[in-house]
Amino acid sequence: MGSGRHVGQPAEGSDGAAARSSEDPAGDENTTDVPAEREDAPQGPARAGRRQGSAPALWDVDTASAGPGEPALHADDLPDGVVVADARGRVVLFNSLAAQLTGVPAESALGRDYRAALPLNGLDGNNWWESSDPYGGDRERTRQPERVLCLPDEREILVAARYVRARPGGALVRLVVTLRDASARAERSRADLVSEVAHELRSPLTSVKGFTSTLLNKWERLTDKQKLFMLETVNADADRVTRLIHDLLDVSRIESGRLEVRRQVVDLPAAVRRLVARRVTSGEPEERFRVETHGELPQMWLDADKLEQILSNLVENGVRHGAGTVSIVIEPCEGGAAVSVRDEGQGIAPETIPRVFRQFWRSKRRGGTGLGLFIVKGLVEAHGGTITVGRAPNGGAEFRFTMPAGTPEFV
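The numbering of the sequence shown is the working numbering, which starts it at 6 and goes up by one.
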């Protein structure tokens with residue numbers, strides 16, 4: 006396959022699937038799957054890289070030539086990163102694009118167990134190799150469709166896999182993994198956004214349509230109580246649609262860099278107290294909230310509407326998904342102020358923390374579009390601030406954001 010990138014090809018006469026050791030992740034007890042014609046045994050010139058009636062095998066890609074006198078196809082000519090592991094799970098091919106995408110030198114990957122050479126996690130933080138189990142899982146599988154996975158440094162990468170078997174339902178003789186830069190995900194993200202929006206709009210619009218039709222057609226037969234219930238439901242669903250539209254506009258502005266911040270002097274503690282008072286007025290118990298202010302704050306120039314949006318989202322998150330008291334702590338920090346919103350629930354699993362602020366992220370208990378925290382992060386950063394998530398002192402989650410004091414240019 007080329008010097009330094011293709012090792013471990015079975016010797017002539019080997020079927021590439023026999024003689025598994027106790028370390029073999031494919032580990033069959035006492036069976037050996039032998040292909041009708043060995044895929045990885047050397048072939049004659051007339052059949053180089055081919056099994057009878059099949060396309061050239063990747064294993065023999067370096068012997069596949071376009072014609073007499075033309076250079077052989079090399080793994081580095083392929084448009085994607087490619088990693089191949091043999092029947093024992095040892096990496097035998099790791100092309101240059103795979104090394105570039107993962108940051109793992111090909112020389113250090115070759116000969117290693119595929120799980121060590123190419124560690125991958127799902128977006129939920131779990132080890133993807135453990136959940137997909139290519140060597141020990143369902144033997145009817147032949148492929149894994151492309152999906153977004155994470156490298157150890159949390160970079161996202163598009164991964165697909167092909168399971169090469171000696172025969173249908175047989176043991177795995179070769180694992181072929183392709184890698185692509187996740188920047189190619191942009192189109193898919195837009196499609197995901199359209200799908201999510203359509204799903205979120207369907208329920209309230211169906212409700213609005215149903216109740217308005219009922220009111221129009223059966224007004225005289227409905228009681229005042231029934232009319233009031235239907236109108237209140239329509240009003241709530243209209244508010245839900247309006248919020249979704251505002252969220253979509255914010256996402257668009259954040260991604261395009263067109264989010265405007267209109268700064269004015271804001272009393273940060275007073276803004277928090279007003280938010281809590283509104284929630285208490287709407288029926289939530291006053292003891293559910295605690296507001297603490299520590300130290301003297303500098304004069305804060307912030308966008309009041311966007312600050313309210315940030316606080317509302319974080320407090321709503323603590324009320325809906327946390328437990329106990331939701332505490333909002335305001336204190337000075339270097340160059341500005343910091344606000345911590347804490348709850349007393351189960352908190353957020355450490356392995357999922359890097360993904361909390363991504364679009365469409367939801368915990369197992371979370372509903373909605375998964376855009377709220379993405380928008381919060383965008384609004385905070387538009388002010389020049391930062392936001393983090395961790396564990397609160399009394400358990401639960403703590404979202405802490407900082408805002409620079411700042412002044413507008415005309416002052």
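All C-beta atoms, glycine included, are put in the ideal place defined by N, C-alpha and C.
- With a contact defined as Cβ atoms closer than 8 Å, Arg347 and Gly401 qualify at about 6 Å.
- In this structure the region 284-295 does not lie against the region 231-249, because fewer than three pairs of beta carbons, one per stretch, are closer than 8 Å.
- Between Leu177 and Leu154, the beta carbon gap of about 19 Å keeps them out of contact (Cβ cut-off 8 Å).
- Secondary structure within the region 125-161: the alpha helix (DSSP H) runs of 4 or more consecutive residues, fully enclosed, are 133-137 (chain order).
- In the same chain as Glu336, and ignoring 5 residues on each side of it, the C-beta atoms closer than 6 Å to its own belong to His299, Gly300, Ala343, in chain order.
- With a cutoff of 7 Å on beta-carbon distance, Glu321 and Asn399 are scored as not near each other.
- Sequence-distant Cβ neighbours of Phe294 in its own chain, meaning closer than 6 Å and more than five residues away, are Val281, Val331.
- The residue among Asp229, Thr211, Ala397, Glu75 with its C-alpha nearest the C-alpha of Val246 is Thr211.
- Secondary structure of Leu78 (DSSP, three-state): coil.
- Taking a cut-off of 8 Å for Cβ pairs, the region 305-318 and the region 263-274 touch, as three or more such pairs fall below it.
- In summary, Gly86 is buried, with 16 or more beta-carbon neighbours lying within 10 Å of its beta-carbon over all protein chains present.
- Residue environment analysis places Pro209 among the buried positions, since at least 16 neighbouring C-beta atoms fall within 10 angstroms of its C-beta.
- The beta carbon of Arg120 sits closer than 7 Å to those of Trp134, all from its chain and outside the five residues before and after it, given in chain order.
- The criterion of a C-beta distance shorter than 7 Å is not satisfied by Asp82 and Ser101.
- A direct Cα-Cα distance of roughly 48 Å separates Ala397 from Thr219.
- Comparing alpha-carbon positions, the option among Asp310, Gly340, Gly329 lying closest to Val381 turns out to be Asp310.
- Apart from sequence neighbours up to five positions away, the residues of its chain that approach Ala114 with a beta-carbon distance below 6 Å are Val96, Phe99, Ala122, ordered along the chain.
- Judged by beta-carbon spacing, Ala103 lies beyond the 7 Å limit of Leu163, meaning their Cβ atoms are not closer than that value.
- In the three-state reduction of the DSSP assignment, Arg248 falls in the helix class.
- The Cβ atoms of Glu161 and Ala187 lie closer than 7 Å to each other.
- Nearest Cα to Pro157 within the set Arg172, Pro139, Asn132, Gln149: Asn132.
- Here DSSP, grouped into helix, strand and coil, assigns Ala90 to strand.
- In this structure Ala354 is in contact with Gly130, their Cβ atoms being roughly 7 Å apart against a cut-off of 8 Å.
- Annotated three-state conformation of Ile315 is helix, per DSSP.
- Distance between Leu312 and Gly377, taken at the CA atoms: about 14 Å.
- Runs of alpha helix (DSSP H) with 4 or more residues, each lying fully within the region 251-297, are found at 273-286, listed in chain order.
- The C-alpha of Thr391 lies about 20 Å from the C-alpha of Gly352.
- Here the alpha carbon of Ala165 sits roughly 13 Å from the alpha carbon of Arg146.
- Close CB contacts of Val89 within its chain, under the 6 Å cut and outside five residues either way in sequence, are with Val97, Leu98, Val181 (chain order).
- For Thr183, the uninterrupted beta strand (DSSP E) segment begins and ends at 177-186.
- Judged by DSSP secondary structure, Leu98 falls within the beta strand (DSSP E) whose first and last residues are 96-99.
- The beta-carbon distance between Ser345 and Glu403, rounded to whole angstroms, is 6 Å. This is short enough to meet the 8 Å contact definition.
- Nearest to Arg144 by C-alpha distance, out of Glu297, Gly127, Arg167, Pro110, is Arg167.
- In the structure shown, Arg363 adopts coil according to DSSP, grouped into three states.
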